[in-house]
Structures are given as structure tokens and as C-alpha cells.
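What follows is one structure encoded as C-alpha cells, with my remarks underneath.
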Amino acid sequence: MANTPQLNDKHKLFQPGQTVVDLGFAPGSWSQVAVNRTLPGGRVIGIDLIPAQPPRGVSTLQGNFLSPVIQAEVRTYVRDPEMGRPTKQAPSMTGDGLTEEELDEIERGYVDMERHAHLEPEEPETAEHAGEGGQEAKVSPTRLSLKERDVQNGRVVDIVLSDMSEPWEQTVGLHKKSLSDPYFRMMNTSGNAFRDHTGSMDLCMAAMTFAFDTLKTGGHFVCKYYKGSEEKAFETRMKRLFAKVHREKPDSSRAESKEAYFVGLRRKETATKEDVLGD
1 MANTPQLNDK HKLFQPGQTV VDLGFAPGSW SQVAVNRTLP GGRVIGIDLI
51 PAQPPRGVST LQGNFLSPVI QAEVRTYVRD PEMGRPTKQA PSMTGDGLTE
101 EELDEIERGY VDMERHAHLE PEEPETAEHA GEGGQEAKVS PTRLSLKERD
151 VQNGRVVDIV LSDMSEPWEQ TVGLHKKSLS DPYFRMMNTS GNAFRDHTGS
201 MDLCMAAMTF AFDTLKTGGH FVCKYYKGSE EKAFETRMKR LFAKVHREKP
251 DSSRAESKEA YFVGLRRKET ATKEDVLGD
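What follows is the structure, encoded as C-alpha cells:
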């Protein structure tokens, strides 16, 4: 997200130790800001259809985010609180201000190293304890803390970023199908304002659906879109899920550009899927 520092300065999105998922991360500018702002102890997971070298410290998964299989892999990954996060060891500081163990973990902390061991989606864990006579009794959800309820429902992500509507500019590798096929399938800007708008709204909706399922209470959501007739309806959905919703047009965007951002702050605990995502 070329304008992430500007958005973060205004809305205070990032905090140390957070889990951030960056949808459409290539070439990695949003992820770079996220990994820097969530140190120490944070983790950033980037997903993109196009193969790209991630910034240092960012875990990545190449695949089509719209695929249920890819989404299941991401959910499985983030549900493990230790995956992609630097391990805590006795301090042995380097010149960068990080421990040697953190640097080692950053260098090798890619989702691709873990994905084959976690291909099957995990069922949400249920909070249980042993009752009388060896019988297992479920703990009433009302007795769980807010954090425990979020974890039980798989809501463990602090921030979801979506920049899926426009891929990086392809300058090499046009002869390789692994690069050209995904590139031409992506939702590129076409010069047709209606097509660009509707395509971006479809991707925003997919990103918000993922955010609904994975964002913890109080979490934030940022997505890029192209202005048009459907943006008001999408904003209404966002207001049902978040305490505050803002539209932002970065200073760096050209005056005639239709590009803008929705910023959803502080996910509501009580928002229902029917209210947010239903017709």
C-alpha cells in the first residue's frame, strides 16, 4: 500500500505484536510498513497470485485468494499464534536492534515452508472441561472472556489489508505462463470506469468476508477500491461491522484518479454475518 504510512499516521493502525494479513501483497510496500510497525513480536502474512520476493520478515503464500483452499490455509496458519512470529530467546542483540534468533526466524519465516504440513483446515476448538463422573462439559460462551470467544471463533487477526485490485507492473517474464497468466487474470485497471469499479467492489467484498471471519474484536480493515455507484452500499455494510468507517484519497493520487481507500476501525463484537454480508 503505497500510502500506508499516511493512513497509519492518521488512524494509528499498527501496534507491536499484531498479526497482519496483506491480500494482494506484491510488490510488498504495504507489508514492509506493516512488518516495521508491528515489531517486536508481530507477524505479517502476504498472499498474492503473482510470484514475488517478499520484504524481509514477511511470510508469504502464492495462490488465488478467492480459492477456498487458499483461504483455509491462511486461517490454519494464523490460528497458530507462534507461526511466523520471531521466537523469544535471551537477548543477543545485533546491530539492527534485533536478537540473532529473531533475525534467523525472519529470514526463514515463510508460509511456503509450513503450508504442506497444514493443508487441512482445522475445526474450531471448543472450550471443554471434565465434569463429574468423567463427563466432559462445555463451558458456556457467556463465561468466556472476549479474547477467548474470539479465539474460539477463529478471530485472531488484528488487521486485514487488501490491495487486490491492481497488481504490480510486469516488466519481465512475459514469456512465462507462471507470470503472464496470473497477471492477465488479475483485476487490472482497464480505462473503463464501470468495469474497474465493479471489479474492485467484488474483490473488496471478498476481502471483507475474510475479515469478518478472521478479525478479532477491535481489529481494523483497509481496502482499496475504485469509485462508483456501488461504494455507498459497501460502506453501509462496513458500518455494520466497524465502529468507525472512513473514506480516504491519498495525497499522492492524481486528482482525476478514481482510486480510494475504505478504512474500517474497531470491529464490533456483536455484528452478525447476515447483517454484514447478507443481501
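The letter at position 220 of the sequence shown is residue 220 when you use the UniProt record's numbering, and the numbering goes up by one with no holes.
In this text, a Cβ means the ideal position worked out from N, Cα and C, and glycines have one as well.
Inter-residue Cα distance where the pair is residue i and residue j
i: L61; j: R143; result: 37 Å
i: M187; j: P68; result: Caution is warranted here: a pLDDT of 47 is assigned to M187, below 50, making its placement in the model unreliable, and the coordinate value is therefore given only provisionally. Their backbone Cα atoms lie some 19 Å apart in a straight line.
i: E125; j: G154; result: Note that E125 scores a pLDDT of 48, beneath 50, so its modelled location is shaky and nothing firm can be said.
i: L241; j: K268; result: 6 Å
i: G84; j: A34; result: 14 Å
i: M164; j: L146; result: 31 Å
i: G228; j: T209; result: 20 Å
i: N36; j: G199; result: 31 Å
i: G218; j: L7; result: 17 Å
i: D251; j: L39; result: 27 Å
i: N64; j: D48; result: 7 Å
i: E231; j: R266; result: 20 Å
i: Q15; j: V245; result: 19 Å
i: A260; j: A271; result: 25 Å
i: D80; j: D279; result: 33 Å
i: E235; j: R247; result: 9 Å
i: Q71; j: D9; result: 30 Å
For residue i, the nearest candidate out of the options (CA to CA)
i: V157; options: V33, G17 and K244; result: G17
i: V151; options: K232, P27 and V78; result: V78
i: V21; options: G84, G42 and I159; result: I159
i: L277; options: D9, G28, R149 and D202; result: D202
i: K239; options: K273, S257, D251 and E259; result: K273
i: F212; options: A260, D275 and S257; result: D275
i: S29; options: T4, L13, F221 and D9; result: T4
i: A233; options: T19, E82, C204 and D9; result: C204
i: T214; options: V74, K12 and A52; result: V74
i: P86; options: T19, K10 and G42; result: G42
i: K216; options: T19, R237, D9 and T236; result: T19
Residue i in three-state terms, based on DSSP
i: L144; result: coil
i: S257; result: coil
i: T217; result: strand
i: G17; result: coil
i: A243; result: strand
i: E235; result: helix
i: V156; result: coil
Short CB-CB distance (under 8 Å) between residue i and chain C
i: R56; result: The question asks about chain C, but that chain is absent: this structure has only one protein chain.
Cβ neighbours of residue i in the same chain (closer than 7 Å, five flanking residues each side left out)
i: S31; result: D22, F25, V44, G46, P54, P55 and V58
i: E123; result: At E123, the pLDDT of 49 sits below 50, so the modelled position is not reliable; the number obtained from the coordinates is stated separately. Hits under 7 Å: none found.
i: A243; result: L265, R266 and K268
i: K249; result: A260
Close-in-space but distant-in-sequence residues of the same chain around residue i (CB under 6 Å, 5 per side omitted)
i: residue 288; result: Nothing can be reported for residue 288, as the shown portion of the chain is limited to 1 through 279.
i: H220; result: L13, I159 and L265
Nonlocal neighbours in the same chain, by C-beta distance under 8 Å from residue i, ignoring five residues either side
i: L66; result: A206
Next item on the list: Output the residue ranges of the beta strand (DSSP E) runs that lie fully inside the segment 29-87 and measure 3 residues or longer, sorted by chain position.
Entry: 43-48 and 58-62
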